[in-house]
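Structure record follows, encoded as structure tokens.
Residue numbers (my numbering), protein chains in the order written: chain Z, 1 to 373; chain D, 374 to 498.
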């Protein structure tokens, strides 16, 4: 998820709206994206935790997989990811990862079964590589259709359900990690009850040319304010969620990243995904390091790259760190040697050459409030 | 008689007698966004012109603050520990960072006055 240096920046269908709203636009994954609006990240963060925020995540990649005659798209997808995709009922969504032969993570993604297709949402910075990966490995069995021009809106927060229900009453009873085709403002959208904030909310896949109208309609509700990428990052960090390219990448496995919950139970035994042998060995014997939550004392903020030290010896590194607006203090996550990873372990985080005492703590830092019905 | 000068790093220094008060400009606080932590230097610390002496943390990133002149820190703004948002609200007032007893006021000659700084910011687009 790094800035792409070369070439002109792409724009999402909401570019004009961002400009109108006074967003500060920055290059992100090859797109010109809003990092914040005039009220600033702290207000946007609180808005999303207490009411409702609208995020433009149209830069993310959407891909539709449809089985060719005689084939099964879910089974095909399972050759690339460790998640239980074949077990998805129509309308169910799952979080999983593309792995490489070493068990490292190429990207993390959401997969939803519509019954007829699989809808896949991948990270913006990885989407071209992911598409090529799927085309290479799945084209014999599936139609792999990129839908990169579609819009994707995230409507997040405790008021999200009340707001979206006014436009589409059926979303009120949808449960976390389910999806459905929903008509919003005359447009056929695909809505999932999911997000990247740790709170309740929806992601709405929209036809490109109707994205702007739907976003404006949502912003017309008094509970809804536009939220930029800055608050998206502070929200996901508090929720203990991984950011690809930082907390997970090709050098980390799902076991090390403590994402084993997303690896299907049968798949742990049967394998059949890239790097399965590595992952299975780590499940059996434990990995040498694991991702942990870190709570620094005092006010200093330990950011990505800060070394984690015990008694003068480096035992790990911070992969994400920042200020948690909800808690009013710094939080971080990082990798440490598994032998030093127990909750309650005292460590020092090296911030500008100075040790900042911290404690290894369970995540999330802020409780998840998903709607499970 | 006070005089305010500006650096290309978007700091201001307001000089009264031999002491300069240092903070960041309105432009700088706008660029940083919400300030959540400021690490100011302790009184008694001797600093060299251009040395990184303080850190301002926004939600997004940490930024160094450089000493605009050589001297000794005589006071730092302790209130920022509890109210870092002062830097956003009043960057040239309550949001000051530290006070420096200047070793050589002649060093300030190379800094910008208000008109030159305004032109400098305008040129940044």
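All C-beta atoms, glycine included, are put in the ideal place defined by N, C-alpha and C.
Given the structure is predicted, the values throughout are model-derived calculations rather than measurements.
I'd like to know whether the C-beta of residue 409(D) is nearer than 9 Å to at least one C-beta of chain Z.
yes
Counting contacts by CB-CB distance shorter than 9 Å, is residue 36(Z) in contact with chain D?
yes
Would you please verify whether the beta carbon of residue 323(Z) is less than 9 Å from any beta carbon of chain D?
yes
Just to confirm the assignment: which complete beta strand (DSSP E) runs, minimum length 3, are found wholly within the stretch 85-109 of chain Z?
93-99
With 16 other Cβ atoms within 10 Å as the buried cut-off, status of residue 89(Z):
exposed
Taking Cβ positions only, does residue 461(D) come closer than 9 Å to chain Z?
yes
Taking the Cβ atom as the reference point for each residue, do residue 225(Z) and residue 93(Z) lie within a distance shorter than 9 Å?
no
Could you give the residue range of the alpha helix (DSSP H) that holds residue 15(Z)?
15-20
Secondary structure at residue 467(D), three-state DSSP: helix, strand or coil?
coil
Extent of the continuous beta strand (DSSP E) run through residue 395(Z)
This structure cannot speak to residue 395(Z), because chain Z is shown only from 1 to 373.
Backbone secondary structure at residue 169(Z) - three-state DSSP
helix
Separation of residue 68(Z) from residue 140(Z), as counted between CA atoms:
8 Å
Output the boundary residues of the beta strand (DSSP E) element that contains residue 313(Z).
313-324
In the DSSP assignment, the beta strand (DSSP E) including residue 301(Z) goes from what residue to what residue?
No beta strand (DSSP E) holds residue 301(Z); DSSP gives it neither H nor E.
How close, in whole Å, do the beta carbons of residue 123(Z) and residue 60(Z) come, if the pair is a contact with beta carbons under 8 Å?
6 Å
Just to confirm before moving on: does the CB-CB distance between residue 218(Z) and residue 54(Z) stay below 9 Å?
yes
Would you say residue 445(D) reaches chain B, if we count a Cβ-Cβ gap shorter than 9 Å as a contact?
No chain B appears in this structure, whose protein chains are Z and D.
Between which two residues does the beta strand (DSSP E) containing residue 36(Z) stretch?
From DSSP, the beta strand (DSSP E) with residue 36(Z) extends over 31-36.
Quick check on residue 219(Z): does DSSP put it in helix, strand or coil?
Of the three classes helix, strand and coil, the one that applies to residue 219(Z) here is helix, per DSSP.
Straight-line Cα distance separating residue 290(Z) from residue 202(Z):
30 Å
Quick one: which residues of the stretch 46-64 of chain Z get their C-beta closer than 7 Å to a C-beta of chain D? List them in chain order.
For the stretch 46-64 of chain Z, the beta-carbon criterion of a distance under 7 Å to any beta-carbon of chain D is satisfied by none of its residues.
Mapping the DSSP letters down to three states, classify residue 290(Z) as helix, strand or coil.
strand
From the DSSP output, in three-state form, read off residue 211(Z) for me.
helix
Give a yes or no on whether 9 Å exceeds the smallest Cβ distance from residue 301(Z) to chain D.
Interface residue (Cβ-Cβ distance to chain D less than 9 Å): residue 301(Z) is classified as such.
Nearest-angstrom Cα distance between residue 454(D) and residue 411(D)?
Roughly 7 Å between the two C-alpha positions.
Please look up how many angstroms separate the CB atoms of residue 158(Z) and residue 50(Z), rounded, as I've assumed it's under 8 Å.
7 Å
Where does residue 421(D) sit, in a helix, a strand or coil, going by DSSP?
coil
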